[in-house]
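J.: Okay, so the sequence shown: first residue is 127 according to the numbering used here, each after it adds one. For each residue, glycine too, the CB sits at the ideal point set by N, CA and C. Values in this document were obtained by computation on a predicted structure and should not be read as measured data. Submitted below is the structure of interest, expressed as C-alpha cells.
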Amino acid sequence: VLIRPKTAADEAACIELMRAVHLTDGYPRYWPADPGRFVTPPAQSSAWVAEEAGTIVGHVALHDAGQDPTLPAARAATNRTPDELAVLARLLVDPRRRRAGLGRRLIAHATDSAARAGRRCVLDVVKESIGAIRTYEALGWRRVDELTLDVGGPAVLQMWVYVGPVPADSSGAV
Ligand SMILES: CC(C)(COP(=O)(O)OP(=O)(O)OC[C@H]1O[C@@H](n2cnc3c(N)ncnc32)[C@H](O)[C@@H]1OP(=O)(O)O)[C@@H](O)C(=O)NCCC(=O)NCCS
C-alpha cells in the first residue's frame, strides 16, 4: 500500500471511502451536506491517501490549528502557539482493511510531516469512537481535555481532545 499526497483527482474516491466508513463506524457522525468540503476543508494544509492497486483505501490530513475548536485545549496542554501545532483529521481506513497497520502508517506519515515543520499534532475524537481512541492511545497520544461540538446535526458531539507524542526531533518541547 502506497501512501502519497492527495490530489484533486482523488476527491470522488475519498468521498466513497468516507461513505463506507460512515456506514460502518458512524464517522463522520452526520453525513455532511457537502462531503467534498468535509473531506477537504479550507483549513486543510496537507492530506495523504493510501492507495492499493489503484483503489483509495485510506486517508489522513493535517488542518491549521488557528481556528480549530481544539486550540484552547491544545495550547494549554502543550504551551505552543497555533503555528507550532497541527490538527490531525479525517483519518479513514477502508473497513475491509482494518488492523493491518494502515491507520498506524497514516498517522505516522502525518505526524512526521508535522514534526518536520516544527508542529506538534493534536486532534479531537468523538467519545463513542472506541476503535479510533484505542488506536491513538496505542500510539502514545494523551487525552488532555474534552469539548462539545455543534456540527449542525440533531445533537451536539461530545469529544475528547488528544495531543500526540512529542516528536523525537523537537528537543525541549513539552
Ligand atoms: C481508527 C482507524 C483509522 C484505525 O485503522 P487501522 O488501520 O485498523 O489501525 P491499525 O491496524 O494501524 O491499528 C494500530 C493499533 O491501534 C489499535 N487499534 C486499532 N483499531 C482498534 C480497535 N478497533 N480496537 C482496539 N484497538 C484498536 C491496536 O493497538 C492496533 O495495533 P494491533 O492491531 O497491532 O493490535 C480505523 O478503525 C477507522 O477508520 N475508524 C473509523 C474512522 C474514525 O473513527 N476515524 C477517526 C476519527 S477522529
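In the DSSP assignment, what residue or residues form a beta bridge with residue 252?
T.: Residue mapping note: residue 252 aligns to position 126 of the sequence shown, counting from 1. Answer is 285, bridged to residue 252.
J.: Taking a contact to mean a Cβ-Cβ separation below 8 Å, would you say residue 200 touches residue 211 in this structure?
T.: Counted from its first residue, the sequence shown places residue 200 at position 74. Counted from its first residue, the sequence shown places residue 211 at position 85. Result yes, Cβ atoms of residue 200 and residue 211 sit closer than 8 Å.
J.: With distances taken Cα to Cα, identify the nearest neighbour of residue 241 among 292, 264, 265 and 204.
T.: Sequence index remark: in the sequence shown, residue 241 carries index 115 (1-based). Looking at the Cα atoms, 292 is the closest of the given residues.
J.: On the criterion of 16 or more Cβ atoms from any shown chain inside 10 Å, does residue 268 qualify as buried, or is it exposed?
T.: If you number the sequence shown from 1, residue 268 lands on position 142. Exposed, because fewer than 16 other Cβ atoms sit within 10 Å of the Cβ of residue 268.
J.: So what does DSSP say about residue 228, is it helix, strand or coil?
T.: By 1-based counting over the sequence shown, the position of residue 228 is 102. In the structure shown, residue 228 sits in a helix (DSSP, three-state: H, G or I).
J.: Can you list, in chain order, the residues of its chain whose CB lies under 6 Å from that of residue 171, leaving out five sequence neighbours each side?
T.: Position 45 of the sequence shown, counted from the first residue, corresponds to residue 171. Correct list, in chain order: 188 and 190.
J.: Going by DSSP in three states, residue 184 sits in which element: helix, strand or coil?
T.: Here the question's residue 184 lines up with position 58 in the sequence shown. If DSSP states are grouped into helix, strand and coil, residue 184 belongs with the strands.
J.: Please name the residue or residues paired with residue 129 in a DSSP beta bridge.
T.: Position 3 of the sequence shown, counted from the start, is the residue given in the question as residue 129. Answer by DSSP bridge pairing, in chain order: 176.
J.: For ligand 1, I want to know if residue 153 counts as a neighbour, meaning its beta carbon is within less than 7 Å of at least one of the ligand's heavy atoms.
T.: Taking the first residue of the sequence shown as 1, we reach residue 153 at position 27. Yes; taking the cut-off as 7 Å, the Cβ of residue 153 has a heavy atom of ligand 1 nearer than that.
J.: In whole angstroms, what separates the C-alpha of residue 244 from that of residue 288?
T.: To locate residue 244, count along the sequence shown from 1; it is residue 118. To locate residue 288, count along the sequence shown from 1; it is residue 162. So the alpha carbons of these two residues sit roughly 18 Å apart.
J.: Helix, strand or coil for residue 290? Go by DSSP, reduced to three states.
T.: Residue 290 sits at position 164 when you count from the first residue of the sequence shown. Coil, per DSSP.
J.: Could you check whether the region 251-270 touches the region 139-150, counting it as contact only if at least three pairs of C-beta atoms, one from each stretch, sit closer than 8 Å?
T.: With a cut-off of 8 Å, the region 139-150 and the region 251-270 do not count as touching, because too few Cβ pairs lie within range.
J.: Spatial neighbours of residue 218 within its chain, please: C-beta separation below 7 Å, excluding the five flanking residues on both sides.
T.: Position 92 of the sequence shown, counted from the first residue, corresponds to residue 218. Within the same chain, residue 218 has close Cβ partners 143, 144, 147, 184 and 185.
J.: So is residue 298 buried or exposed if we call it buried at 16+ other beta carbons inside 10 Å?
T.: Taking the sequence shown and counting its residues from 1, the one referred to as residue 298 is at position 172. Per-residue confidence for residue 298 stands at a pLDDT of 46, beneath the threshold of 50, marking its modelled position as unreliable; the derived number appears in the next sentence. With fewer than 16 Cβ atoms within 10 Å of its Cβ, residue 298 is classed as exposed.
J.: Should residue 228 go down as buried or exposed, given a rule of 16 or more other Cβ atoms within 10 Å for buried?
T.: On the sequence shown, residue 228 is found 102 positions in, with the first residue counted as 1. By the 10 Å Cβ count, residue 228 comes out buried.
J.: Thinking C-beta only, is residue 220 closer than 8 Å to residue 175?
T.: Here residue 175 refers to the residue found at position 49 of the sequence shown. Here residue 220 refers to the residue found at position 94 of the sequence shown. No, the pair does not count as a contact, with Cβ atoms beyond the cut-off.
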